[in-house]
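Trainee: Input: one structure, supplied below.
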Amino acid sequence: MSYMRLVSFSLPKEEADAIVPGSTAFNALVAGRKFVTQALNGLVSSHVWRSSGATGAVDFVISSEWNSLEDMQGYSNNPNIIKLEDTLSENNESFSISIYELLG
């Protein structure tokens, strides 16, 4: 069995539109985060999705799948990931982290 960690949040369209390849926000959400995940043991897969929300905001989901809870905790306790998630959660009521055990 493996474990899935999902981080969800929404941004106003103007802020979300600024997240383009090469921008600081893109590098933090995609390139930098993937660099951290690949440097740790137990990563199965990692993705970032974005979609238009019903309110006009842009919804983001960051997923990472891990071989074990210990591997996932190593990722969650990484200082770069803690800083990223602290920044994303500031003044963002939609921010959430969910953990799932994959059964099959």
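Residues 15 to 118 (the numbering used here) make up the sequence shown, in order.
Note that the Cβ used here is the ideal one computed from N, Cα and C, for glycine as well.
What did DSSP end up calling L33 once you bin it into helix, strand or coil?
Mentor: Per the sequence presented here, residue 33 reads as Ile, with Leu not at that position. I33: coil per DSSP, three-state reduction.
Trainee: What would DSSP say about M18, mapped onto helix, strand or coil?
Mentor: Three-state result, M18: strand.
Trainee: In the stretch 56-110, which residue ranges form an unbroken beta strand (DSSP E) of at least 3 residues, counting only runs that do not cross its ends?
Mentor: 57-66 and 72-80
Trainee: Could you check how far apart the C-beta atoms of R64 and A30 are, in whole angstroms? I think they sit under 8 Å.
Mentor: 7 Å
Trainee: Consult DSSP for L117 and reduce its assignment to one of helix, strand or coil.
Mentor: coil
Trainee: Can you tell me which of the three DSSP states L43 falls into?
Mentor: Looking at L43 - three-state DSSP - the assignment turns out to be helix.
Trainee: Just confirm the distance between the C-beta atoms of S103 and S77, as a whole number of angstroms; I'd bet it's less than 8 Å.
Mentor: Incorrect: roughly 17 Å between the Cβ atoms, too far for contact.
Trainee: Hey, is the stretch 88-102 in contact with the stretch 43-58, meaning 3+ C-beta pairs nearer than 8 Å?
Mentor: yes
Trainee: Identify, in the order they occur along the chain, each residue of the same chain with its Cβ nearer than 6 Å to the Cβ of D73, setting aside the five sequence neighbours on each side.
Mentor: S24, S65 and G67
Trainee: Taking the alpha carbon of M18 as the reference point, which residue from N105, A32, K27 and W80 has its own alpha carbon closest?
Mentor: W80
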